[in-house]
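Residue numbers (full-length UniProt numbering): 1 to 98.
Each remark here refers to the structure printed beneath this line.
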Amino acid sequence: MPEINECESSPCRNGGVCLDRVNSFTCNCPLGFAGVDCSDGNGPTCFSCAHLGMAETCTSITTCQSDEVCVTETYEKSDGSRRYDTGCRKANVCMSGS
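Below, the structure written as structure tokens:
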């Protein structure tokens, strides 16, 4: 009898990685998600800071909504220095310049 790949139907949600088992599957869920198919919980956990300089460290952590992802945006100020914003953004929105 041929072996069936239970991961073929992509049963893991929210970025979970499927591991095929004999007559079953296991999902390795990303942070913030749990359950058999990673559908339980909120979105990912990520840093959330605004206007960071290169040598600054972000220590604020937030949990995104289930339809959001963690992003880091870089921008340049008029004096030429680079700044960074980190946080949650909608997963299906294209950012200008990306």
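Glycine included, C-beta positions come from ideal geometry on N, C-alpha and C.
The Cβ atoms of C12 and C27 sit closer than 7 Å to each other.
Per the coordinates, the alpha-carbon of S81 lies some 9 Å from the alpha-carbon of M54. Here E68 is buried: its Cβ has 16 or more other Cβ atoms, across all protein chains shown, within 10 Å.
In the DSSP assignment, N28 falls within the beta strand (DSSP E) that extends over 24 to 28. DSSP places R83 within a strand segment (E or B) once states are collapsed to three.
Counting C-beta atoms within 10 angstroms of its own C-beta, N5 has fewer than 16 neighbours from the protein chains shown and is therefore classed as exposed.
In this structure, C58 sits near C49, with a CB-CB distance shorter than 7 Å.
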